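Numbering (the working numbering), first residue to last: 32 to 162. Backbone N, C-alpha and C fix where the C-beta goes; we use that ideal spot for every residue, glycine too. None of these values were measured; they are calculated from a predicted model.
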Amino acid sequence: MGQRIEPYRVALIVEDDFEVRGLAAALLEETDLKVVEASSAEEALNYLRQHSDEVAFLFADVRLPCLMDGLDLVRTVRLKWPWVRTVLTSGRPLDQREGEVPRDVRFMPKPWKALDVLMEAEKAADASRRH
Numbered sequence: 032m033g034q035r036i037e038p039y040r041v042a043l044i045v046e047d048d049f050e051v052r053g054l055a056a057a058l059l060e061e062t063d064l065k066v067v068e069a070s071s072a073e074e075a076l077n078y079l080r081q082h083s084d085e086v087a088f089l090f091a092d093v094r095l096p097c098l099m100d101g102l103d104l105v106r107t108v109r110l111k112w113p114w115v116r117t118v119l120t121s122g123r124p125l126d127q128r129e130g131e132v133p134r135d136v137r138f139m140p141k142p143w144k145a146l147d148v149l150m151e152a153e154k155a156a157d158a159s160r161r162h
């Protein structure tokens with residue numbers, strides 16, 4: 032039988048760079064959250080459509096392959112699943128369009144600090160315990 036995931040206990044990492052995604056996953060495995068990885072916004076949305084009630088934290092890169100970028104993804108997540116704590120990250124400064132990050136989304140430039148990522152994940156885990 033499959034393992035039952037408690038509501039709002041998943042950290043979803045969306046990063047196309049395998050090594051950076053692996054680093055973020057290893058870091059977030061130190062939290063109380065179960066880690067799920069995606070390499071594109073579309074892959075992340077497919078997961079969210081089926082498991083949104085399990086997701087507490089989204090950590091997404093701005094530049095992603097396929098049609099949607101990280102900004103499109105976080106805007107969609109904030110509209111459809113507003114309880115998901117969301118962090119957007121990028122190795123380059125945000126351009127004018129990307130400067131329109133939703134106000135409740137935290138932007139973290141790369142290289143991000145492990146402690147900053149862990150603190151955001153812990154806030155998501157704490158908020159999920161109150162639901």
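(message) What does the alpha-carbon distance come out to for the pair Arg160 and Arg94?
(response) Taking the straight line from one Cα to the other gives about 31 Å.
(request) Put Lys65 into one of helix, strand or coil per three-state DSSP. (result) strand
(request) Report yes if the CB atom of Val148 is closer than 9 Å to the CB atom of Leu59, and no otherwise. (result) yes
(request) Note down, one range per segment and in chain order, each alpha helix (DSSP H) of at least 4 residues found wholly within the region 80 to 137. (result) 101 to 111
(request) Check whether the Cβ atoms of Ala91 and Glu46 lie closer than 9 Å to each other. (result) yes
(request) Would you tell me roughly how many angstroms separate the C-alpha atoms of Ala152 and Glu131, rounded to the nearest one? (result) Here the alpha carbon of Ala152 sits roughly 23 Å from the alpha carbon of Glu131.
(request) Report yes if the C-beta distance between Arg52 and Ser70 is below 9 Å; otherwise report no. (result) If you check the CB distance, Arg52 and Ser70 come in under 9 Å.
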